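Novice: Chains A and B supply the protein sequences, listed in that same order.
Here the first sequence is numbered in the working numbering, starting from 1 and rising by one per residue.
Here the second sequence is numbered in the working numbering, starting from 1 and rising by one per residue.
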Amino acid sequence: EPEVTQTPSHQVTQMGQEVILRCVPISNHLYFYWYRQILGQKVEFLVSFYNNEISEKSEIFDDQFSVERPDGSNFTLKIRSTKLEDSAMYFCASSATGGIQPQHFGDGTRLSIL
Amino acid sequence: SQQGEEDPQALSIQEGENATMNCSYKTSINNLQWYRQNSGRGLVHLILIRSNEREKHSGRLRVTLDTSKKSSSLLITASRAADTASYFCATDSGAQKLVFGQGTRLTINP
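(1) Going by DSSP, which residues form a beta bridge with B:ASN22?
(2) Short of 7 Å in beta carbon distance, which residues of its chain neighbour A:SER55, apart from the five on each side in sequence? Order them along the chain.
(3) Out of A:VAL19, A:PHE45, A:ILE38, A:ILE113, state which residue places its alpha-carbon closest to the alpha-carbon of A:CYS92.
(4) So, with DSSP's three-state summary, where would you put B:ALA85?
(5) For B:SER1, count neighbouring C-beta atoms within 10 Å of its own C-beta (all shown protein chains included) and say buried if the count is 16 or more, exposed if not.
(6) Quickly, what does DSSP pair A:LEU111 with across the bridge? List them, please.
(7) Hey, could you find the ends of the beta strand (DSSP E) A:GLU68 is sitting in?
(8) For chain A, find out if any of its Cβ atoms is closer than 8 Å to the Cβ of B:GLY101; answer yes or no.
(9) 8 Å is my cut-off, CB to CB: does A:PRO102 come that close to chain B?
(10) Tell me the DSSP secondary structure of A:LEU30 in three-state form.
(11) Using a beta-carbon distance below 8 Å, is B:ARG54 in contact with chain A?
(12) Identify the contact partners of A:PHE61 in chain B, using a Cβ-Cβ distance below 9 Å as the criterion.
(13) In chain order, what residues of the same chain have a beta carbon less than 6 Å from the beta carbon of A:GLU68, not counting five sequence neighbours either side?
(14) How about B:SER79 and B:GLU17: do their beta carbons lie closer than 8 Å?
(15) Let's see if you can read the secondary structure: which residues bound the beta strand (DSSP E) around B:THR64?
(16) So B:VAL44 packs on B:ARG36, CB below 8 Å; how close in whole Å?
(17) For B:ARG54, count the other beta carbons within 10 Å of its own beta carbon; 16 or more makes it buried, fewer makes it exposed. Which is it?
(18) Kindly indicate if chain A contains any beta-carbon less than 8 Å away from that of B:GLN2.
(19) Beta-carbon of A:LYS42 versus every beta-carbon of chain B: anything under 8 Å?
(20) In terms of alpha-carbon separation, which member of B:THR107, B:SER73, B:ALA95 lies closest to A:ILE100?
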């Protein structure tokens with residue numbers, strides 16, 4: 001069964017450094033998402049992406065965050081200058097369409113900011 | 001916000017028993033979805049119920065939706081040790097974003 005893959009599984013970065021989290025969505029899916037889960041808290045929506053544009057973003061997704069689909073398979077989340085509070089699990093998801101469809105999640109990247 | 005809130009926060013039952021988890025939300029929705037998360041893993045989609053549906057089944061799973069009460073329940077019948085996980089409801093207002101609840105941590109004791 002096709003799946004969403006994320007790399008790396010764990011990223012440790014110094015505060016203030018840039019970090020790029022990578023995702024390969026399911027190949028025929030058109031909608032892509034990033035969520036995060038701070039330890040012990042809810043999964044929170046960050047951004048949705050369709051047709052090479054951001055469809056919707058949350059208040060969390062400020063100017064420090066950006067997303068890109070650099071080629072036909074990868075979908076990346078960049079945090080420009082990381083803060084301690086950016087430490088979390090980051091999940092990528094994709095869905096076939098934007099209608100009433102389940103979203104398929106990767107196993108996440110654990111980001112630790114020191 | 002339209003956050004889903006699950007209860008109980010934690011549930012521990014014996015293998016073979018049924019497990020029921022509840023979810024409440026605040027605003028109108030397009031659909032509601034249930035996900036499972038095993039420790040250290042991603043979210044696995046279990047079942048989606050549309051706002052005009054009242055009940056849906058998938059194998060040992062049964063989901064109900066009461067839009068008048070803004071609530072949903074997930075029933076897992078004949079539980080197994082492998083069902084041990086956290087379960088989340090997520091609401092979708094049609095804006096291509098899911099709003100998750102806090103989750104129920106389910107433990108199935110052998």
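Just so you know, even glycine gets a beta-carbon here, dropped at the ideal spot from N, CA and C.
Source: prediction; values computed, not measured.
Specialist: Taking the structure as given:
(1) B:ASP7, B:SER73
(2) SER48, PHE49
(3) A:PHE45
(4) strand
(5) With a pLDDT of 44 at B:SER1, under the threshold of 50, the predicted position of this residue should be treated as unreliable, and no value is reported.
(6) A:GLN11, A:ALA88
(7) 65-68
(8) yes
(9) yes
(10) coil
(11) no
(12) Near A:PHE61 there are no residues of chain B at all, since even the closest Cβ is about 11 Å away, more than 9 Å.
(13) THR76
(14) yes
(15) 61-66
(16) 5 Å
(17) exposed
(18) With a pLDDT of 48 at B:GLN2, under the threshold of 50, the modelled position of that residue is not reliable, and no figure is offered here.
(19) yes
(20) B:ALA95
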